[in-house]
Amino acid sequence: MKTNSHEVALAVDVDGVLLDLMISYCELFNERYDTNYTKNDVISWEFFLDWNISEEKAFQIFYELYENSKDIPVIDKAVKVYLEDIYKNKIFKPDIVSARKNEYKKPLVDALKLNGIIQGIHYEKLILVDNKPYNKKINFSYDIYIDDNPYLALSIKDYPEKVLLLYNQPWNRSIEDSAIKNVIRVYSWKDVYHYILNFI
Ligand SMILES: [Mg+2]
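The numbering used here applies: residue 1091 is where the sequence shown begins, and numbers increase by one.
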């Protein structure tokens, strides 16, 4: 745990944490493959294996959505209020850290802006990382991660100085968070906010 005199670095994920990507994903998938999936049917990180399409085809849909990020619903309309308040508190330095390719950076910045999330007010830097290995973000020097990725939850066990606020989603419910000391399941941005303020 850090003291007040240090900055606490936060890694705020985008998909499944700021933007509700899988709602849009299921809509586009259903349109394309004449299926009837909803977000609640996405019960694993590699859901496409169960849905009988190749990873390549599954990712084509992700890329189309990334290009049109403005159309993806925000997870919580109040997220900008919480993030601004966290950033205003000089102890915390939130970066937005997303596993998207650089070519989708502009649509992402625009989508964040559209939802009132602005660099310098709500976050410090926007960092893009590879989506593989799935636990890639663990190698970055963040103290607190706000993420929905089950692989990050499994990896963080080996980094007891870090904390993961695991944003509850259907694809991470199999993670037994109560058995991992430094993983705390959060159900809303209100939960995130309260945890972070209590961290001091
Ligand atoms: Mg995510």
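Positions of the beta carbon are idealized from the N, C-alpha and C atoms, including for glycine.
One residue list follows from the rule of a beta carbon closer than 5 Å to any heavy atom of ligand 1, given in chain order as D1103, D1105, G1106 and D1238. Using a C-beta cut-off of 8 Å, the region 1101-1120 makes contact with the region 1196-1210, since at least three inter-stretch Cβ pairs fall below that distance. Within the same chain, Cβ atoms closer than 7 Å to the Cβ of L1155 are found at L1111, S1114, Y1115, L1118 and I1162, the five residues on either side in sequence being excluded.
Contact between the region 1225-1239 and the region 1251-1258 is present: three or more C-beta pairs spanning the two stretches fall below 8 Å.
Relative to Y1177, the option among Y1277, P1260, P1197 and E1097 whose CA is nearest is E1097. With three or more CB-CB distances shorter than 8 Å, the region 1217-1227 counts as touching the region 1180-1195. Here the alpha carbon of L1287 sits roughly 19 Å from the alpha carbon of I1207. By the criterion of a C-beta distance shorter than 8 Å, N1158 is surrounded in its chain by P1197, once the five residues flanking it on both sides are discounted. Per DSSP, D1237 is one residue of the beta strand (DSSP E) stretching across I1234 to D1237. DSSP assignment within the region 1183-1271 yields the following whole beta strand (DSSP E) runs of 3 residues or more, N-terminal first: 1216-1218, 1234-1237 and 1253-1257. DSSP links D1105 through a beta bridge to L1109.
Nearest to D1185 by C-alpha distance, out of A1168, Y1172, L1216 and K1167, is L1216. Distance from the CA atom of Y1283 to the CA atom of A1148, rounded to whole angstroms, is 33 Å.
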